[in-house]
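In the UniProt record's numbering, the protein residues as written are 1 to 630.
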C-alpha cells in the first residue's frame, strides 16, 4: 500500500511572491512622511525573523507596531496578493486541486488574508494554520492572538505536532521556521523554495533547493503543468547581462547562474560542461575547443548585435541554436555616432582636455558645423540606415557603401565602391559586421584615399581598421580626428588595463566598447534574447536564429512534437516518415527547413509512441540532435 503524502507549505514568499505584511505596509503607510524608512525597517525585521536571527514573536510585534494598519486595508491587500501568487504554483493548479485533502498551509502570517488567497488554488480553509489579528473598537489592528500557537517561537513545530499527520510529510518554504519542522523530526524532507527569495541560512540546511514548484514535482515524480523539465535546464549568463534576462529565465523555471565578467577558453571549457543555455556578450569567445566540452548545450544567446565571437559553424555541427539581438541597441549606437561626430568636428576632445588642465583656448580655428558636410556610411544595415536618416535631419549630405544592394533612405547617395566613398566624404563611419572578409578593410591604402583633414569613426568591430595605419595618419594630421569604440584586443574585465597606440593622440575619442551600452539598449536586449531562447526550448521555434534555418511554429495542441536536427543530406525525411508509418503514427503537422549545413524538422504526432520508435529516429544516419516536446 502506498504511503500517504502530506504537503506542508509556507505562505509568504512561497505561496505568494512577496511578504504580505510588506505589501500591507505599502497600503497602510501610503501618504506617511516617513513611509520609506518604515518600510525599510519592516523588511529588515522580516528578513531577520525568516533567517532565525530575531525571535519570531518579537519580529511580529514590532512589524505590527510599524504598520499602523486597519481592517479596511485588508481588502486591497487581498486583491493585490491574488495577483502575486507564485508563478510555478499558479501553473500547477492541478496539483493543488488533486491533492487538496493532503495540503496544509502553515504560516506565521494571518488567516484574514491567507484563506482568500489559497482558496484561489482550491486549498481548504480548514487546512490553513496561521495567526489571527486583534482589532480595537475602531477596527484598527493592535496586535495578534497570543493564545495562537503560531504566534510563539517555534510555533510551526508545535502546530504540526498537534496535527499528528499520518504518512510522509514534505515541507516547502523559504524561511528558517520551515526548516525547524524538519529539524524537529516532524518531516521527511525540507525543500527550500527559492523562486522568490533565497536565504543562505535556509538553503544550507535544506534537503533540496527548489527554484520553482516544478522542481519539487519533478523530484517526486509527480504530474506537472510544464511539458519539459525546465527546472533541469541550467543557464549560465556571463558579462553582466541585464537583470531582466536573469529574472525572465528564473521565472520560466530555469536554474540560472551568473558570472560578472568574461571567461577565457580554459575557464569556459570547464564551466560549460553541464550547461544547457549560455548567454554572453562581446568579450567571451565561444570557440570550437569550448564547444567540444558542451555536450548538453542547446542554445546560445548573444546579448549584443554581433556574433563573430561565436564559432557558428561549430555550433551548427553540434545542433546548437544561436540567437542575438540585431535591432535592440541600434538607436544607442546611432546617437553615440552623431554625438562623437559633432565633438570631433568642433575639436572638443582637445578643448575639454585643455580646460581640465586650466588652459583657456577660446578659438574658432578648426571648429566646424555639421550642416552641409558629407557623411560617408560604410555598412548600410540597421544601424547605418538609421544613422543615415538621423544625420540627414541635422543637415548632413549622406553617402553610403554596402556590398549588399540596399535601398537608399531619404536623399542618401549610393557609392559604387569604397574608394569612391572615401574620396568623396568629410567624415566616414563604419557599421559593418565582424566577418573575416571585413578584417582590416581600412588600412594604409584606404586611409590615403580620404580627404586631407577628414574624420573617421569606428563603432562596429575592432578588426575592421588597421590600428597601426590609423595611428600613422592621425599623427600626420591627414586624419583630423577619430572616434574609436572597438579594438582588436580588448580587456576582458574592467580591472584590466586598456592598451592602444591610439592613446594620447590629438582630437581622438576612445571609448570602451559602449556603443550599445545604454540602459535602454541593455534592457531591450535583456528582454529580447531570453524570449527567443525560451521559444526555442518550449516550441522548437527558431525565429531570429543566427545559424539555424528560421521556423515559426504554431503552439503545440494535444500532440507530441518531435524535433530532429540532422546533417543536410538526401533521404533523411523519407527515412523518418518510413519509421513513423511502420509504427502506425499519424502525423498532424510537419515542418522542414534547411541551410547549407543542417536540416531542421518538426513533426507533430497525436498518438502515444514507444521508446523503440524514438531510438530508431535517433539512430538515423546523419542525426545531430533529437528531442521530444509533450
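In this text, a Cβ means the ideal position worked out from N, Cα and C, and glycines have one as well.
### Task
Just tell me which of 617, 483, 351, 277 has its CA closest to the CA of residue 249.
Counting from 1 along the chain shown, the entry for residue 249 is found at position 249. Comparing Cα-Cα distances from residue 249 to each of 617, 483, 351, 277, the minimum goes to 277.
### Task
Please state if the CB of residue 479 and the CB of residue 465 are separated by a distance shorter than 8 Å.
As a first step, residue 465 is located in the chain shown; it is residue number 465 there, counting from the start. As a first step, residue 479 is located in the chain shown; it is residue number 479 there, counting from the start. Taking 8 Å as the Cβ cut-off, residue 465 and residue 479 do not qualify as a contacting pair.
### Message
If contact is defined by three or more beta carbon pairs under 8 Å, each pair taking one atom from either stretch, is the region 338-347 in contact with the region 497-509?
### Response
yes
### Query
So the alpha helix (DSSP H) residue 636 belongs to, where does it begin and stop?
A query on residue 636 cannot be resolved here, the shown segment of the chain reaching from 1 to 630 and no further.
### Task
Report buried or exposed for residue 299, applying the criterion of at least 16 other Cβ atoms within 10 angstroms of its Cβ.
As a working note, residue 299 is residue 299 in the chain shown. Residue 299 should be labelled buried.
### Query
What's the C-alpha gap between residue 258 and residue 158?
Working through the chain shown from its first residue, we reach residue 258 at position 258. Working through the chain shown from its first residue, we reach residue 158 at position 158. If you take the alpha carbons of residue 258 and residue 158, they lie about 40 Å apart.
### Task
Less than 8 Å between the CB atoms is what I'm expecting for residue 129 and residue 103, so what's the real figure, rounded?
Counted from its first residue, the chain shown places residue 129 at position 129. Counted from its first residue, the chain shown places residue 103 at position 103. Contact flag wrong, Cβ pair sits at about 12 Å.
### Task
Measure the CB-CB distance between residue 530 and residue 301 and report whether it falls below 8 Å.
As a position in the chain shown, residue 530 is number 530, starting the count at 1. As a position in the chain shown, residue 301 is number 301, starting the count at 1. Yes, these two residues count as a Cβ contact at 8 Å.
### Three or more C-beta pairs below 8 Å linking the region 486-498 and the region 202-218
no
### Query
Helix or strand or just coil, what does DSSP make of residue 151?
Taking the chain shown and counting its residues from 1, one reaches residue 151 at position 151. Residue 151: helix per DSSP, three-state reduction.
### Query
Looking only at DSSP bridge pairs, what is residue 454 linked to?
As a working mapping, residue 454 is identified with position 454 in the chain shown. Its beta-bridge partners are 479.
### Message
I'd like the span of the beta strand (DSSP E) that includes residue 321, first residue to last.
### Response
Along the chain shown, one-based indexing puts residue 321 at 321. Run containing residue 321: 321-323, per the beta strand (DSSP E) assignment.
### Query
Buried or exposed: which applies to residue 631, given that a residue is buried once 16 or more other Cβ atoms fall within 10 Å of its Cβ?
Lying before the first or after the last residue shown, residue 631 is absent from the chain, which here runs from 1 to 630.
### Query
When DSSP labels each residue in this structure, what does residue 630 get in the three-state scheme?
In the chain shown, residue 630 corresponds to position 630, counting from 1. Coil at residue 630, not helix or strand.
### Query
Terminal residues of the continuous beta strand (DSSP E) containing residue 210?
Position 210 of the chain shown, counting from 1, holds the residue named residue 210. Residues 208-210.
### Task
Please name the residue in 142, 15, 114, 115 whose C-alpha comes closest to that of residue 640.
Past the edges of the chain, shown from 1 to 630, lies residue 640, and the structure says nothing about it.
### Query
Are residue 461 and residue 434 touching if we call contact CB-CB under 8 Å?
As a first step, residue 461 is located in the chain shown; it is residue number 461 there, counting from the start. As a first step, residue 434 is located in the chain shown; it is residue number 434 there, counting from the start. Yes.
### Task
Specify the secondary structure class of residue 15 as computed by DSSP and reduced to three states.
For this step, residue 15 is matched to residue 15 along the chain shown. DSSP places residue 15 in helix when its eight states are reduced to three.
### Message
The beta strand (DSSP E) that contains residue 374, what's its start and end?
### Response
Walking along the chain shown from the start, residue 374 turns up at place 374. Here the beta strand (DSSP E) through residue 374 covers 374-378.
### Message
Suppose you measure from the CA of residue 455 to the CA of residue 200; what does that come to, to the nearest Å?
### Response
The residue given as residue 455 occupies position 455 in the chain shown. The residue given as residue 200 occupies position 200 in the chain shown. If you take the alpha carbons of residue 455 and residue 200, they lie about 55 Å apart.
### Limits of the unbroken beta strand (DSSP E) element including residue 278
Walking along the chain shown from the start, residue 278 turns up at place 278. Its beta strand (DSSP E) spans residues 277-280.
### Query
What does residue 131 pair with, by DSSP beta-bridge criteria?
Taking the first residue of the chain shown as 1, we reach residue 131 at position 131. In DSSP, residue 131 forms a bridge with 110.
### Task
Look up residue 331 in the DSSP assignment and say whether it is helix, strand or coil.
Position 331 of the chain shown, counted from the first residue, corresponds to residue 331. DSSP places residue 331 in helix when its eight states are reduced to three.
### Query
Which residues in the same chain as residue 228 place their Cβ atom closer than 8 Å to its Cβ, once the five residues preceding and following it in sequence are excluded?
The residue you call residue 228 lines up with position 228 of the chain shown. At residue 228, the pLDDT of 48 sits below 50, so the modelled position is not reliable and the matter cannot be decided from this model.
### Message
Between 603, 123, 546, 165, which has its C-alpha nearest residue 5's C-alpha?
### Response
Locating residue 5 in the chain shown gives position 5, counting from the first residue. Checking every option, the nearest Cα to that of residue 5 belongs to 165.
### Straight-line gap, residue 173 to residue 124 (C-alpha atoms, nearest Å)
One-based indexing of the chain shown puts residue 173 at position 173. One-based indexing of the chain shown puts residue 124 at position 124. Each residue's Cα considered, the two are about 19 Å apart.
### Query
Between 189, 236, 627, 9, which lies nearest to residue 207 when the distance is taken from Cα to Cα?
The count along the chain shown starts at 1 and reaches residue 207 at position 207. For the residues 189, 236, 627, 9, the minimum Cα distance to residue 207 belongs to 189.
### CB contact flag (residue 398, residue 516, <8 Å)
By 1-based counting over the chain shown, the position of residue 398 is 398. By 1-based counting over the chain shown, the position of residue 516 is 516. Cβ distance not < 8 Å, so residue 398 and residue 516 don't count as in contact.
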